[in-house]
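Participant: This is the structure I have questions about; it appears just below.
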Amino acid sequence: MAAASASAFAASAAFSKPSSFTRSSPIQNPNPLSSTFKLPFPTNSPNYFFKPLKTSLNRPQFSTPSASSADAATVESSATTFHGLCYVIGDNIDTDQIIPAEYLTLVPSKPDEYEKLGSYALIGLPASYQTRFVEPGSTKTKYSIVIGGDNFGCGSSREHAPVALGASGVVAVVAESYARIFFRNSVATGEVYPVESEGRLCDECKTGDVVTIELGEKGNDGDKLINHTSGREYKLKPIGDAGPVIEAGGIFAYARKTGMIPTRA
-18 MAAASASAFA ASAAFSKPSS FTRSSPIQNP NPLSSTFKLP FPTNSPNYFF
32 KPLKTSLNRP QFSTPSASSA DAATVESSAT TFHGLCYVIG DNIDTDQIIP
82 AEYLTLVPSK PDEYEKLGSY ALIGLPASYQ TRFVEPGSTK TKYSIVIGGD
132 NFGCGSSREH APVALGASGV VAVVAESYAR IFFRNSVATG EVYPVESEGR
182 LCDECKTGDV VTIELGEKGN DGDKLINHTS GREYKLKPIG DAGPVIEAGG
232 IFAYARKTGM IPTRA
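At the far end of the sequence shown sits residue 246, using the numbering used here, and the numbering has no gaps.
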């Protein structure tokens, strides 16, 4: 049990966005926790030390009932393509705005509480956001893609933040930049794809626009967001090898899938 926990901790650490862009990582400089835990790929992206993503989407969650098409956001997921309505927010959206502390007593591994957690996603936004992300009385949002500005997910390190977004029906967040721990928690939980934009899409898109995200179609040059409402396209930065971890359902599921830790009987 201790060995499995140590291995998972080391794997999770490998997907943190470093505060300074130096080419060092637990993979290159083994420590006692990670010396026996080797990821099967180089860590070489300019931003996260990952390779460009070329994978198919299979978005596992906690063991929860799948939402009906009437309640869930309108999402088309094929390979690495997401399609749906976007919800646009600004800079420095912190985790208390994403999911206020009063709801952290909800346990995501319990299906009913997982759904309830989704109903509170982004409920901490100020009153200046007149459009509700999740309508009162609903547990799902109609906005499957969130577009933010700089420093998305700052504040406390609560992993409930990406979990709440995933539980509400969000499949991807596109932001100018992320707080390191939010990015790490998004990958570790496998809840949402945290994608970086080349520019300020929060100034280019409006809540309710119909958008498509395409990842990994043509390597580094193929990742893009298409705004069908405005008819414009925007380049996205590749998410890299974080993609397969999210696809697997998070860091523990990925570690089991790749044989890094024993598979549950």
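Beta carbons: idealized from backbone N, C-alpha and C, even for Gly. Every value quoted in this text rests on a predicted model; they were computed, and no experiment measured them.
Can you give me the C-alpha to C-alpha distance between V176 and A82, rounded to a whole angstrom?
Facilitator: For V176 and A82, the distance between alpha carbons rounds to 25 Å.
Participant: Please name the residue, chosen from D190, L196 and L217, that lies closest to H209 on a Cα-to-Cα basis.
Facilitator: The residue with the shortest Cα to Cα distance from H209 is D190.
Participant: From this set, A169, D204 and E185, which residue's C-alpha is nearest F233's C-alpha?
Facilitator: The residue with the shortest Cα to Cα distance from F233 is A169.
Participant: Is the beta carbon of V173 sitting closer than 8 Å to the one on L146?
Facilitator: A contact, by the Cβ cut-off of 8 Å.
Participant: Per DSSP, which residues does K216 bridge with? Please list them.
Facilitator: Answer by DSSP bridge pairing, in chain order: K205.
Participant: Among all the DSSP beta bridges, which residues are the ones paired with A108?
Facilitator: For A108, which the question treats as bridged, DSSP gives no partner whatsoever.
Participant: Which residue marks the beginning of the alpha helix (DSSP H) containing E94, and which one marks its end?
Facilitator: E94 -> alpha helix (DSSP H) spans P92 to S100.
Participant: Pull the bridge partners of H296 from the DSSP assignment, please.
Facilitator: As shown, the chain starts at -18 and ends at 246. That puts residue 296 outside it, with no answer to give.
Participant: Give me, in chain order, the residues of the same chain whose beta-carbon lies closer than 7 Å to that of V69; leave out the 5 immediate sequence neighbours on both sides.
Facilitator: Within the same chain, V69 has close Cβ partners I128, C183, C186, K187 and T188.
Participant: Beta carbon of F63, beta carbon of I194: below 8 Å?
Facilitator: Taking 8 Å as the Cβ cut-off, F63 and I194 qualify as a contacting pair.
Participant: Go through its chain and collect everything with a Cβ distance to S100's Cβ below 6 Å, but skip five positions before and after it.
Facilitator: V115 and T120.
Participant: Apply the 10 Å Cβ neighbour rule to A108 and answer buried if 16 or more other Cβ atoms are within range, or exposed otherwise.
Facilitator: By the 10 Å Cβ count, A108 comes out exposed.
Participant: Helix, strand or coil for P175 per DSSP?
Facilitator: Strand at P175.
Participant: Have a look at V171 and N73 and give me their C-alpha separation to the nearest angstrom.
Facilitator: Per the sequence presented here, residue 171 reads as Gly, with Val not at that position. G171 and N73: Cα-Cα distance of roughly 22 Å.
Participant: What is the residue span of the alpha helix (DSSP H) that E228 lies within?
Facilitator: Start and end: A223 to A229.
Participant: At which residues does the beta strand (DSSP E) containing Y68 begin and terminate?
Facilitator: Its beta strand (DSSP E) spans residues T62 to V69.
Participant: Which residue wins for smallest C-alpha separation from Q78, given the options T61, C67, R113 and R213?
Facilitator: The shortest Cα separation from Q78 among T61, C67, R113 and R213 belongs to R113.
Participant: Which stretch, first to last residue, makes up the beta strand (DSSP E) that contains A156?
Facilitator: Residues A153 to A156.
Participant: For L217, which residues from the same chain have a beta carbon less than 8 Å from its beta carbon, with the 5 sequence-adjacent residues on both sides left out?
Facilitator: Answer for L217: V155, V176, E177, S178, E179, I194, L196, D204, K205 and L206, listed in chain order.
Participant: DSSP three-state call for S119: helix, strand or coil?
Facilitator: S119: coil per DSSP, three-state reduction.
Participant: Check the C-beta distance from A153 over to F133 and give it rounded, since I have them as a contact under 8 Å.
Facilitator: Wrong, their Cβ atoms sit about 12 Å apart, outside the cutoff.
Participant: Should T76 and S137 be called a contact, given that it needs their Cβ atoms to be closer than 8 Å?
Facilitator: Cβ distance < 8 Å, so T76 and S137 count as in contact.
Participant: Can you list, in chain order, the residues of its chain whose CB lies under 6 Å from that of V88, leaving out five sequence neighbours each side?
Facilitator: For V88, where only same-chain residues beyond five positions count, the Cβ hits under 6 Å are E94.
Participant: Applying the criterion that 16 or more other CB atoms from any shown protein chain within 10 Å of the CB defines a buried residue, is P243 buried or exposed?
Facilitator: Exposed, because fewer than 16 other Cβ atoms sit within 10 Å of the Cβ of P243.
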